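J.: Residue numbering for the sequence shown follows UniProt numbering, starting at 1 and increasing by one per position.
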Amino acid sequence: FIRVSKNIGSSMKSVGEVMAIGRNFEEAFQKALRMVDENVNGFDPNLKLVNDEELQTPTDKRIFVLAAALKCDYTIDRLYELTKIDRWFLEKMKKIINITLDLEKLNCVVSNELLLQAKKMGFSDKQIARYIKGSELAVRKQRRENGILPFVKQIDTVAGEWPASTNYLYMTYNASTHDVEFSEQMVMVIGSGVYRIGSSVEFDWCAVGCLRELRKLGKKTIMVNYNPETVSTDYDMC
Numbered sequence: 001f002i003r004v005s006k007n008i009g010s011s012m013k014s015v016g017e018v019m020a021i022g023r024n025f026e027e028a029f030q031k032a033l034r035m036v037d038e039n040v041n042g043f044d045p046n047l048k049l050v051n052d053e054e055l056q057t058p059t060d061k062r063i064f065v066l067a068a069a070l071k072c073d074y075t076i077d078r079l080y081e082l083t084k085i086d087r088w089f090l091e092k093m094k095k096i097i098n099i100t101l102d103l104e105k106l107n108c109v110v111s112n113e114l115l116l117q118a119k120k121m122g123f124s125d126k127q128i129a130r131y132i133k134g135s136e137l138a139v140r141k142q143r144r145e146n147g148i149l150p151f152v153k154q155i156d157t158v159a160g161e162w163p164a165s166t167n168y169l170y171m172t173y174n175a176s177t178h179d180v181e182f183s184e185q186m187v188m189v190i191g192s193g194v195y196r197i198g199s200s201v202e203f204d205w206c207a208v209g210c211l212r213e214l215r216k217l218g219k220k221t222i223m224v225n226y227n228p229e230t231v232s233t234d235y236d237m238c
């Protein structure tokens, strides 16, 4: 919005809210960045220039200045002093940048070992292709031919307190087996995505209504969404 400050503080700002799920921070973090902005491939150090003043001021784009700073060999201690972001998160972000630098050294060809490592850290095929100066289709083809595929896992809603089986699923490369097998034909309903101005509950209810009608017709359904504030991401409802 024109003339509106992008600085983030205690007041509400509609910069976008998403729910990303992974088996490590790096995976969930990169998924979330792609979800909140379709023009972003992940924790990309090439989107913004390093600027100490921007690192000190929380904005919706500071995270990419932080990525650029990590690529420019800013130390964790220096970044902590500038951003006051906990060192644990900074160390995790540094791991993503290390993989990025390894990929950027390559020219169209990536080893299966590095490809799998990148996928486990939340890199998309498009993101990997961009760093190695190749094509997304070639990366996808290599992945599939070498069995580097994601697994379907269930969320444990009780943190292991007792055995729990929910209808809440996510995809990850940090696994070796599927929790759920899809043996029959199902209908996928696509949700409205990120929660912000212009995409609210009324749009989500359209997806929920569609899903309920399909169930009345005897169809098995899969709801795909990442908005944490809506009915469609309530597994008791959908």
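The beta carbon of each residue, even a glycine, is placed where N, CA and C say it ideally should be.
Model, not experiment: these values are computed from the prediction.
Does the stretch 7–24 come within contact of the stretch 67–79, defined as at least 3 CB pairs closer than 8 angstroms?
T.: With a cut-off of 8 angstroms, the stretch 67–79 and the stretch 7–24 do not count as touching, because too few Cβ pairs lie within range.
J.: Where K105 and N227 are concerned, what is the direct C-alpha to C-alpha distance, given to the nearest angstrom?
T.: Along the sequence shown, one-based indexing puts residue 105 at 105. Along the sequence shown, one-based indexing puts residue 227 at 227. Their backbone Cα atoms lie some 36 angstroms apart in a straight line.
J.: Name the residue from R144, F43, R34 and C206 whose alpha carbon lies nearest to the alpha carbon of K94.
T.: Looking up residue 94 in the sequence shown gives position 94. Answer by Cα proximity: F43.
J.: Only counting runs of 4 or more residues, tell me where the alpha helix (DSSP H) segments fall wholly within the stretch 91–134, in order along the chain.
T.: Listed in chain order, the complete alpha helix (DSSP H) runs (minimum 4 residues) inside the stretch 91–134 are 112–120 and 125–132.
J.: What residue from F151, V208 and A68 has the CA that sits closest to I96's CA?
T.: To locate residue 96, count along the sequence shown from 1; it is residue 96. Considering only alpha carbons, the answer is A68.
J.: Less than 8 angstroms between the CB atoms is what I'm expecting for I155 and V139, so what's the real figure, rounded?
T.: One-based indexing of the sequence shown puts residue 155 at position 155. One-based indexing of the sequence shown puts residue 139 at position 139. Actually they do not touch by this definition, with Cβ atoms about 28 angstroms apart.
J.: Can you list, in chain order, the stretches of the alpha helix (DSSP H) that have 4 or more residues and sit fully within the stretch 22–61?
T.: Taking only runs of at least 4 residues, the alpha helix (DSSP H) segments lying wholly in the stretch 22–61 are 25–36 and 52–56.
J.: Taking a contact to mean a Cβ-Cβ separation below 7 angstroms, would you say N107 touches K133 in this structure?
T.: For this step, residue 107 is matched to residue 107 along the sequence shown. For this step, residue 133 is matched to residue 133 along the sequence shown. For N107 and K133, yes; Cβs fall inside 7 angstroms.
J.: Residues in its own chain within less than 7 angstroms of H178 by CB, not counting five upstream and five downstream?
T.: The residue labelled residue 178 in the question sits at position 178 within the sequence shown. Taken in chain order, the residues that qualify are F151 and V152.
J.: Can you check which of these residues, V189, S176 and E26, is closest to M223 by C-alpha distance?
T.: By 1-based counting over the sequence shown, the position of residue 223 is 223. When only C-alpha atoms are compared, the closest one is V189.
J.: Please confirm whether V65 and N46 have their CB atoms less than 7 angstroms apart.
T.: Residue numbering aside, residue 65 sits at position 65 when the sequence shown is read from its first letter. Residue numbering aside, residue 46 sits at position 46 when the sequence shown is read from its first letter. Taking 7 angstroms as the Cβ cut-off, V65 and N46 do not qualify as a contacting pair.
J.: Answer yes or no: do T41 and K126 have a C-beta to C-beta separation smaller than 7 angstroms?
T.: Reading the sequence shown from its first residue, position 41 is the one you call residue 41. Reading the sequence shown from its first residue, position 126 is the one you call residue 126. Note that residue 41 is Asn in the sequence shown, not Thr. Taking 7 angstroms as the Cβ cut-off, N41 and K126 qualify as a contacting pair.
J.: Select from Y173, T57, K61 and I2 the residue whose C-alpha is nearest the C-alpha of M121.
T.: Translated into the one-based positions of the sequence shown, residue 121 becomes position 121. Considering only alpha carbons, the answer is Y173.
J.: Within the continuous alpha helix (DSSP H) that includes L214, where are the two ends?
T.: One-based indexing of the sequence shown puts residue 214 at position 214. Residues V201 to K216.
J.: Using beta-carbon positions only, say whether V194 and V4 come within less than 7 angstroms of one another.
T.: Within the sequence shown, numbered from 1, the residue matching residue 194 stands at position 194. Within the sequence shown, numbered from 1, the residue matching residue 4 stands at position 4. Contact flag unset, no.
J.: Counting C-beta neighbours from all protein chains within 10 Å, is the total for D204 16 or more, i.e. buried, or is it exposed?
T.: For this step, residue 204 is matched to residue 204 along the sequence shown. The residue is buried, with at least 16 neighbouring Cβ atoms inside 10 Å.
J.: When you compare only the Cα positions, how much space is there between D102 and E213?
T.: In the sequence shown, counting from the first residue as 1, residue 102 sits at position 102. In the sequence shown, counting from the first residue as 1, residue 213 sits at position 213. One C-alpha to the other measures close to 48 angstroms.
J.: Can you say whether F182 is buried or exposed, counting buried as having 16 or more other CB atoms within 10 angstroms of its CB?
T.: Within the sequence shown, residue 182 is the residue found at index 182, counting from 1. Under this definition F182 is an exposed residue.
J.: Please go through the same chain and pick out, in chain order, the residues whose beta-carbon is closer than 8 angstroms to the beta-carbon of L49, but skip the five residues on each side of it.
T.: Here residue 49 corresponds to residue number 49 of the sequence shown, with the count starting at 1. Closer than 8 angstroms at the Cβ level, and outside the excluded window around L49, lie V65 and A68.
J.: Should V187 go down as buried or exposed, given a rule of 16 or more other Cβ atoms within 10 Å for buried?
T.: Within the sequence shown, the letter at position 187 stands for residue 187. Answer is exposed; the Cβ neighbour count stays below 16.
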